[in-house]
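Taken in order, these protein sequences are the chains called P and G. If you're matching positions, the first sequence starts at 13 in this note's numbering and goes up one per residue. If you're matching positions, the second sequence starts at 8 in this note's numbering and goes up one per residue.
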Amino acid sequence: MKLKQLYVLLMRLAERFQMVQLVIIFLALFTGAAKEATVVFSEAAALCIQNQYLHHGLPSPNLHMSSEDYNLVSSRNFGSEDVSPRKLKHTQGNNLRGIPGNHHGAVVLSGAASQPQNGGPSNMSFYNTPSPMASQLSGVAPPPLCRNMQPNGSNLNTVNTDGSPRSIVNSTIQAPRRKFVDEGKLRKISGRLFSDSGPRRSTRLTGDTGANTNANTAAVAGNGTNNSSKYLGSSKLSSVAPRTVTVRKGQSWVNENIEEGIRNEAFDDSCANVASTTSSSFSSDNVRSLDHDGATVLVGGVVVSGAKAVSGASEVLCLLRTLGEGYRLSCLYRCQDALDAYLRLPHRHYNTSWVLSQVGKAHFELVDYLEADLAFSLARQVSPYSLEGMDIYSTVLYHLKEDMKLSYLTQELISTDRLAPQSWCAMGNCYSLQKDHETALKIFHRAVRLNSRFAYAHTLSGHEYVALEDFENGIKSYQNALRIDSRHYNAWYGLGMIFFRQERFEFSEHHFGMALQINPCSSVIMSYLGTTLHALKKSEDAIKIMDRAILADRKNPLPMYQKANILMSLEKFDDALEVLEELKEYAPRESSVYALMGKIYKRRNMHEKAMLHFGIALDLKPSATDVATIKAAIEKLHVPDELEDNLSTE
Amino acid sequence: MATESLELEEEGKIIGGNQHLIVDDDLREMGKKAAWSVSSCKTGNGVSSLRDDNLENYWQSDGAQPHLVNIQFQKKVKLQLVVLYMDFKLDESYTPSKISIRAGDGFHNLKEIKTVELVKPTGWIYLSLSGNDPRETFVNTFMLQIAVLSNHLNGRDTHVRQIKVYGPRPNPIPHQPFQFTSREFITYSTVR
Numbered sequence: 013m014k015l016k017q018l019y020v021l022l023m024r025l026a027e028r029f030q031m032v033q034l035v036i037i038f039l040a041l042f043t044g045a046a047k048e049a050t051v052v053f054s055e056a057a058a059l060c061i062q063n064q065y066l067h068h069g070l071p072s073p074n075l076h077m078s079s080e081d082y083n084l085v086s087s088r089n090f091g092s093e094d095v096s097p098r099k100l101k102h103t104q105g106n107n108l109r110g111i112p113g114n115h116h117g118a119v120v121l122s123g124a125a126s127q128p129q130n131g132g133p134s135n136m137s138f139y140n141t142p143s144p145m146a147s148q149l150s151g152v153a154p155p156p157l158c159r160n161m162q163p164n165g166s167n168l169n170t171v172n173t174d175g176s177p178r179s180i181v182n183s184t185i186q187a188p189r190r191k192f193v194d195e196g197k198l199r200k201i202s203g204r205l206f207s208d209s210g211p212r213r214s215t216r217l218t219g220d221t222g223a224n225t226n227a228n229t230a231a232v233a234g235n236g237t238n239n240s241s242k243y244l245g246s247s248k249l250s251s252v253a254p255r256t257v258t259v260r261k262g263q264s265w266v267n268e269n270i271e272e273g274i275r276n277e278a279f280d281d282s283c284a285n286v287a288s289t290t291s292s293s294f295s296s297d298n299v300r301s302l303d304h305d306g307a308t309v310l311v312g313g314v315v316v317s318g319a320k321a322v323s324g325a326s327e328v329l330c331l332l333r334t335l336g337e338g339y340r341l342s343c344l345y346r347c348q349d350a351l352d353a354y355l356r357l358p359h360r361h362y363n364t365s366w367v368l369s370q371v372g373k374a375h376f377e378l379v380d381y382l383e384a385d386l387a388f389s390l391a392r393q394v395s396p397y398s399l400e401g402m403d404i405y406s407t408v409l410y411h412l413k414e415d416m417k418l419s420y421l422t423q424e425l426i427s428t429d430r431l432a433p434q435s436w437c438a439m440g441n442c443y444s445l446q447k448d449h450e451t452a453l454k455i456f457h458r459a460v461r462l463n464s465r466f467a468y469a470h471t472l473s474g475h476e477y478v479a480l481e482d483f484e485n486g487i488k489s490y491q492n493a494l495r496i497d498s499r500h501y502n503a504w505y506g507l508g509m510i511f512f513r514q515e516r517f518e519f520s521e522h523h524f525g526m527a528l529q530i531n532p533c534s535s536v537i538m539s540y541l542g543t544t545l546h547a548l549k550k551s552e553d554a555i556k557i558m559d560r561a562i563l564a565d566r567k568n569p570l571p572m573y574q575k576a577n578i579l580m581s582l583e584k585f586d587d588a589l590e591v592l593e594e595l596k597e598y599a600p601r602e603s604s605v606y607a608l609m610g611k612i613y614k615r616r617n618m619h620e621k622a623m624l625h626f627g628i629a630l631d632l633k634p635s636a637t638d639v640a641t642i643k644a645a646i647e648k649l650h651v652p653d654e655l656e657d658n659l660s661t662e
Numbered sequence: 008m009a010t011e012s013l014e015l016e017e018e019g020k021i022i023g024g025n026q027h028l029i030v031d032d033d034l035r036e037m038g039k040k041a042a043w044s045v046s047s048c049k050t051g052n053g054v055s056s057l058r059d060d061n062l063e064n065y066w067q068s069d070g071a072q073p074h075l076v077n078i079q080f081q082k083k084v085k086l087q088l089v090v091l092y093m094d095f096k097l098d099e100s101y102t103p104s105k106i107s108i109r110a111g112d113g114f115h116n117l118k119e120i121k122t123v124e125l126v127k128p129t130g131w132i133y134l135s136l137s138g139n140d141p142r143e144t145f146v147n148t149f150m151l152q153i154a155v156l157s158n159h160l161n162g163r164d165t166h167v168r169q170i171k172v173y174g175p176r177p178n179p180i181p182h183q184p185f186q187f188t189s190r191e192f193i194t195y196s197t198v199r
């Protein structure tokens with residue numbers, strides 16, 4: 013009921029003040045469901061945007077009025093927050109996040125509200141130029157603008173609260189703190205995006221004009237998309253990181269603009285124009301008031317007819333909606349669905365760095381490392397200086413044991429940005445792959461020092477502590493990671509593993525369960541949960557989970573092996589042997605499979621077969637401990653044989 | 008295990024030494040978890056010089072023979088290899104010539120497990136603790152003692168520049184009977 017009243021109120025406000033963007037944002041925020049996104053992204057939205065063009069006869073007074081109204085509406089927003097959490101409650105385990113998400117949404121919008129005041133006058137010169145991209149790339153904008161833009165930049169940071177584009181997807185949002193930390197980082201990232209090979213660290217550190225301007229232009233362009241992408245951000249069920257979306261959208265837009273603007277100027281121009289015009293009510297009303305005449309609008313020096321604007325707007329919204337859908341699904345770890353969503357994008361948009369890294373990440377969560385490798389390497393080809401998602405890529409290469417590729421990646425990342433935690437995570441993974449855990453640990457600590465809110469660095473240092481058998485510090489690191497991001501399932505898994513080693517099986521079960529709840533498609537976690545259950549003597553459940561894991565990922569040999577283990581300890585030797593025979597097909601050169609089979613045959617007193625399998629196991633060069641174990645087992649085998657011989661000769 | 012070696016192992020005699028320290032991948036250094044002590048030392052050349060990864064400084068003993076280096080662990084560990092760095096060219100009469108390695112639960116029940124004679128060692132000397140039996144690949148013990156029984160040219164005191172102790176790596180996946188060897192298994196065996 014409240015919702016409906018609010019809806020009516022907002023529509024009235026919209027009519028009065030032409031603040032269609034705001035209305036749509038709030039609508040989406042409150043409806044908060046994916047299917048209601050159709051409302052948001054539908055024709056109505058496009059038409060509303062068109063209306064904007066036609067009603068641009070309200071110059072600067074609009075701005076002042078609009079700011080008051082923002083405050084009004086945002087206060088209303090606060091009032092009706094209790095509505096939205098209800099809607100968001102059916103998110104998986106995201107209850108706590110739903111509410112802060114909204115808070116931040118509100119903060120964001122009120123923050124955004126104050127943007128136009130600062131952004132308005134200084135944006136004029138930007139939007140007057142024919143192609144926004146040209147001005148961004150040339151960095152010709154005069155220095156004084158930097159100072160004007162800086163408050164804008166900081167406002168932008170309230171928008172992009174977990175704004176460090178380097179932060180991982182699921183990091184939590186805490187608006188005020190990040191405001192001051194990430195401003196510089198945002199500039200760094202944007203500076204790097206724009207200035208290909210040129211000034212990097214020194215530029216950043218001395219706060220070079222060019223870099224700042226570029227950053228600000230990126231911020232402005234980001235602004236445009238930010239507003240449209242707020243539709244996405246608020247319409248997601250898991251309002252995990254709506255701000256991250258905005259940043260990423262900004263980046264993806266920027267990337268797309270750079271990579272493809274040259275090719276598709278028309279489309280991009282209209283896009284950029286639409287993007288800039290969707291931020292219009294916030295910033296460029298001044299401009300349009302200067303340039304408008306009748307039904308056609310002179311925006312950014314390009315004449316855009318009303319109809320074209322609508323179709324452009326609806327295309328943009330459609331695109332953003334697909335991106336948002338994919339992102340939402342990958343946050344929910346429904347990775348297969350996320351991949352399908354991303355595949356719906358047109359080719360041009362699929363082949364951008366952001367989308368490809370998201371695709372890579374989805375494959376990573378599905379434990380499909382080869383596909384992930386492919387996607388990430390494409391992403392790097394498309395945008396070689398983007399750091400986002402590269403920490404995940406380094407982990408993928410670690411899993412695939414590609415030390416050459418990994419060290420090359422590390423070198424490139426470090427030379428791109430020495431101060432990014434992703435680069436150091438990649439380097440740490442490199443050392444860890446070479447089993448130099450102490451150096452890897454030092455490096456992960458460095459990554460943590462660079463950005464203490466980068467949860468993955470904490471998790472990785474936890475892994476290193478465990479490799480060094482320092483469980484206390486390992487637990488601390490994982491808990492740090494979880495404090496930053498409670499949906500970081502790797503940290504839950506890590507804690508589960510520590511407790512498993514320490515034989516505290518109840519704790520371990522709980523933690524594996526939490527990890528599985530967050531990421532239900534990971535077959536590795538399922539198989540570990542199964543092993544834990546077996547250790548807790550809940551073998552029936554264990555077998556069930558193993559079967560689930562086997563079904564989830566047929567390429568993963570681990571659940572089958574663990575299942576065979578469990579069956580063996582349950583003394584169901586025939587079943588175990590069956591599973592192991594199947595496993596032989598999957599991994600023909602795995603010595604532990606043969607060793608286990610040998611063990612089972614020994615238990616069943618089929619000595620010849622046992623000998624055969626032990627022999628094969630030894631041939632496959634197991635580790636020294638295993639060699640010792642296997643040989644010892646063989647010795648024991650011989651004794652009954654000798655006895656038999658003695659008996660037979662006698 | 009040992010490449011570029013001038014090593015000849017006959018009847019417990021080792022001639023020369025290795026330039027580089029090259030160890031199998033499935034061994035890891037265990038010395039960090041142990042308490043190290045020596046029977047005697049000269050001030051400035053104490054036990055820390057044995058563990059500082061610096062080949063310039065050395066431990067110098069200061070008492071009667073045999074000179075002992077005691078390595079005590081908090082729990083029973085599997086050890087496979089002991090590596091010593093010595094330099095006859097620099098140390099001459101201080102270089103050990105006969106070394107005995109003992110293992111046990113404590114000072115009261117050490118038993119000798121290996122004796123070697125060194126001939127002008129210059130570099131890293133690898134002393135494997137494995138027996139001939141495959142079941143004796145590792146020595147499972149609380150304490151290891153390296154005793155210098157005599158030196159070259161009948162020197163009284165001894166210089167040792169570095170000692171490292173190696174054991175097998177534990178199974179990265181706990182409670183697993185065997186370790187994984189193939190790439191498919193290892194790739195899927197952990198979440199990172």
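Virtual Cβ for every residue (Gly too), placed ideally from N, Cα, C.
Applying a beta-carbon distance threshold of less than 8 Å, which residues of chain P neighbour G:P181?
Against the second sequence, residue 181 of chain G aligns to sequence position 174. Here the neighbours are M509, F512 and R513.
Short Cβ contact (8 Å threshold) for P:C437 with P:S419:
By one-based count along the first sequence, residue 437 of chain P stands at place 425. By one-based count along the first sequence, residue 419 of chain P stands at place 407. The answer is no: Cβ separation not under 8 Å.
Taking 8 Å as the cut-off, does the stretch 81 to 93 of chain G touch the stretch 129 to 138 of chain G (at least 3 CB pairs, one atom from each stretch)?
Output reads yes: the stretch 81 to 93 of chain G touches the stretch 129 to 138 of chain G.
Using a cut-off of 8 Å between C-beta atoms, extract the partners of P:T407 located in chain G.
By 1-based counting over the first sequence, the position of residue 407 of chain P is 395. For P:T407, the neighbours in chain G by C-beta distance under 8 Å run, in chain order, R199.
Secondary structure at P:L302, three-state DSSP: helix, strand or coil?
By 1-based counting over the first sequence, the position of residue 302 of chain P is 290. Annotation note: pLDDT 39 at P:L302 (below 50); position unreliable, coordinate value reported separately. DSSP places P:L302 in helix when its eight states are reduced to three.
Going along the chain, which residues of its own chain have a beta-carbon closer than 8 Å to the beta-carbon of G:T194, five neighbours each way excluded?
Reading the second sequence from its first residue, position 187 is the one you call residue 194 of chain G. Excluding residues within five positions, none has a Cβ falling inside 8 Å.
Step through the CB atoms of chain G and report whether any lies within less than 8 Å of the CB of P:S183.
The residue labelled residue 183 of chain P in the question sits at position 171 within the first sequence. Unreliable positioning characterises P:S183 in this predicted model, as indicated by a pLDDT of 39, which lies under 50. The coordinate reading is nonetheless provided below. No, P:S183 lies away from the interface with chain G (no Cβ there is under 8 Å from its Cβ).
Is the beta carbon of P:L545 less than 8 Å from the beta carbon of P:E521?
Position 533 of the first sequence, counted from the first residue, corresponds to residue 545 of chain P. Position 509 of the first sequence, counted from the first residue, corresponds to residue 521 of chain P. Yes, these two residues count as a Cβ contact at 8 Å.
Based on Cα-Cα distance, which residue from G:Q72, G:Q26 and G:Y65 lies nearest to G:N161?
What you label residue 161 of chain G is simply residue 154 of the second sequence in a count that begins at 1. Closest in C-alpha terms to G:N161, from the list G:Q72, G:Q26 and G:Y65, comes G:Q72.
One or two residues paired with G:M150 in a DSSP bridge
The residue given as residue 150 of chain G occupies position 143 in the second sequence. As a beta-bridge residue in DSSP terms, G:M150 pairs with G:Q79 and G:G111.
With a cut-off of 8 Å on the beta carbons, I'd call P:V379 and P:D565 a contact; round off their distance for me.
As a position in the first sequence, residue 379 of chain P is number 367, starting the count at 1. As a position in the first sequence, residue 565 of chain P is number 553, starting the count at 1. The Cβ separation is near 6 Å, so the contact holds.
Within its chain, find whatever has a CB closer than 7 Å to the CB of G:N178; leave out the 5 residues flanking it on each side and keep chain order.
Within the second sequence, numbered from 1, the residue matching residue 178 of chain G stands at position 171. These residues qualify, in order along the chain: Q186.
Pick from P:L579, P:R560, P:D587 and P:H625: whose alpha carbon is nearest that of P:P600?
Residue 600 of chain P sits at position 588 when you count from the first residue of the first sequence. Answer by Cα proximity: P:H625.
Going by the beta-carbon positions, is the gap between P:L472 and P:D429 smaller than 8 Å?
Taking the first residue of the first sequence as 1, we reach residue 472 of chain P at position 460. Taking the first residue of the first sequence as 1, we reach residue 429 of chain P at position 417. Not closer than 8 Å, so no.
My assumption, with CB atoms under 8 Å, is that P:H619 sits in contact with P:L649. Please give the rounded CB distance.
Position 607 of the first sequence, counted from the start, is the residue given in the question as residue 619 of chain P. Position 637 of the first sequence, counted from the start, is the residue given in the question as residue 649 of chain P. Going by Cβ atoms, the distance from P:H619 to P:L649 rounds to 6 Å, so yes, they are a contact pair.
Under 8 Å between beta-carbons, which chain G residues line up against P:I537? List them in chain order, please.
What you label residue 537 of chain P is simply residue 525 of the first sequence in a count that begins at 1. Those within 8 Å of P:I537 in chain G are V198.
I'd like to know if G:F185 contacts chain P, where contact means its C-beta is closer than 8 Å to some C-beta of that chain.
Here residue 185 of chain G refers to the residue found at position 178 when the second sequence is read from its first residue. Contacts with chain P at 8 Å (Cβ-Cβ) include G:F185.
Just to check my reading of the structure: P:V536 and G:P141 have Cβ atoms closer than 8 Å, yes? What is that Cβ distance to the nearest angstrom?
Counted from its first residue, the first sequence places residue 536 of chain P at position 524. Counted from its first residue, the second sequence places residue 141 of chain G at position 134. Incorrect: roughly 33 Å between the Cβ atoms, too far for contact.
Beta carbon of G:G23, beta carbon of G:K127: below 8 Å?
Here residue 23 of chain G refers to the residue found at position 16 of the second sequence. Here residue 127 of chain G refers to the residue found at position 120 of the second sequence. A Cβ-Cβ contact shorter than 8 Å links G:G23 with G:K127.
When the Cα atoms are used, what is the spatial distance from P:S539 to P:A547?
As a first step, residue 539 of chain P is located in the first sequence; it is residue number 527 there, counting from the start. As a first step, residue 547 of chain P is located in the first sequence; it is residue number 535 there, counting from the start. Cα-Cα distance, rounded: 12 Å.
Determine the DSSP secondary structure at G:I132, reduced to helix, strand or coil.
On the second sequence, position 125 is the one that residue 132 of chain G refers to. Strand at G:I132.
Residue range of the unbroken alpha helix (DSSP H) whose run includes P:E590
Taking the first sequence and counting its residues from 1, the one referred to as residue 590 of chain P is at position 578. Note, P:E590: alpha helix (DSSP H), F585 to Y598.
Taking C-beta to C-beta, are G:H166 and G:D98 nearer than 8 Å?
For this step, residue 166 of chain G is matched to residue 159 along the second sequence. For this step, residue 98 of chain G is matched to residue 91 along the second sequence. Between G:H166 and G:D98, the C-beta gap is smaller than 8 Å, which places the two residues in contact.
To which residues of the same chain is P:I612 closer than 7 Å at the C-beta, ignoring the five residues directly before and after it?
The residue you call residue 612 of chain P lines up with position 600 of the first sequence. If we look at P:I612 and ignore the five residues flanking it on each side, its Cβ neighbours are M580, F585, A588 and L589.
Would you mind working out which of G:D32, G:W43 and G:I29 sits nearest G:M150, comparing C-alpha positions?
Residue numbering aside, residue 150 of chain G sits at position 143 when the second sequence is read from its first letter. Out of G:D32, G:W43 and G:I29, G:W43 has the C-alpha closest to the C-alpha of G:M150.
Give the residues from the stretch 596 to 615 of chain P that approach chain G closer than 8 Å (Cβ to any Cβ), ordered along the chain.
Across the stretch 596 to 615 of chain P, CB contacts with chain G closer than 8 Å involve Y598, A599, R601, E602, S603, S604, A607, L608 and K611, in sequence order along the chain.
Would you kindly report the start and end of the unbroken alpha helix (DSSP H) that includes P:Y540?
As a position in the first sequence, residue 540 of chain P is number 528, starting the count at 1. From DSSP, the alpha helix (DSSP H) with P:Y540 extends over S535 to A547.
Could you list which residues in chain G have their beta carbon closer than 8 Å to that of P:N502, in chain order?
Position 490 of the first sequence, counting from 1, holds the residue named residue 502 of chain P. In chain order: V198 and R199.
Can you tell me whether DSSP reads G:Q186 as helix, strand or coil?
Here residue 186 of chain G refers to the residue found at position 179 of the second sequence. Correct three-state label for G:Q186: coil.
Hey, does G:T144 have any beta-carbon neighbour from chain P nearer than 8 Å?
Within the second sequence, numbered from 1, the residue matching residue 144 of chain G stands at position 137. Interface residue, yes.
Just checking, does the stretch 477 to 484 of chain P make contact with the stretch 449 to 459 of chain P on the three C-beta pairs under 8 Å criterion?
Per the Cβ contact rule, the stretch 477 to 484 of chain P is in contact with the stretch 449 to 459 of chain P (3 or more Cβ pairs under 8 Å).
Going by C-alpha distance, which of P:M439, P:Y362 and P:G401 is nearest P:K417?
Translated into positions along the first sequence, residue 417 of chain P becomes position 405. Closest by alpha carbon: P:M439.
Whole-number beta carbon distance between G:R199 and P:T407, since they are thought to touch under 8 Å
For the purposes of this step, residue 407 of chain P is identified with residue 395 of the first sequence, where counting begins at 1. For the purposes of this step, residue 199 of chain G is identified with residue 192 of the second sequence, where counting begins at 1. About 5 Å; that satisfies the 8 Å criterion.
Give me, in chain order, the residues of the same chain whose beta-carbon lies closer than 6 Å to that of P:Y362; leave out the 5 immediate sequence neighbours on both sides.
Counted from its first residue, the first sequence places residue 362 of chain P at position 350. If we look at P:Y362 and ignore the five residues flanking it on each side, it has no Cβ neighbours.
Within a Cβ cutoff of 7 Å, which residues of the same chain sit near G:N147, ignoring the five residues on either side of it in sequence?
In the second sequence, the residue the question calls residue 147 of chain G occupies position 140. Only K83 and K85 meet the Cβ criterion.
From P:L425, P:M509 and P:H375, pick the residue whose C-alpha is nearest to that of P:E481; which is it?
By 1-based counting over the first sequence, the position of residue 481 of chain P is 469. Comparing Cα-Cα distances from P:E481 to each of P:L425, P:M509 and P:H375, the minimum goes to P:M509.
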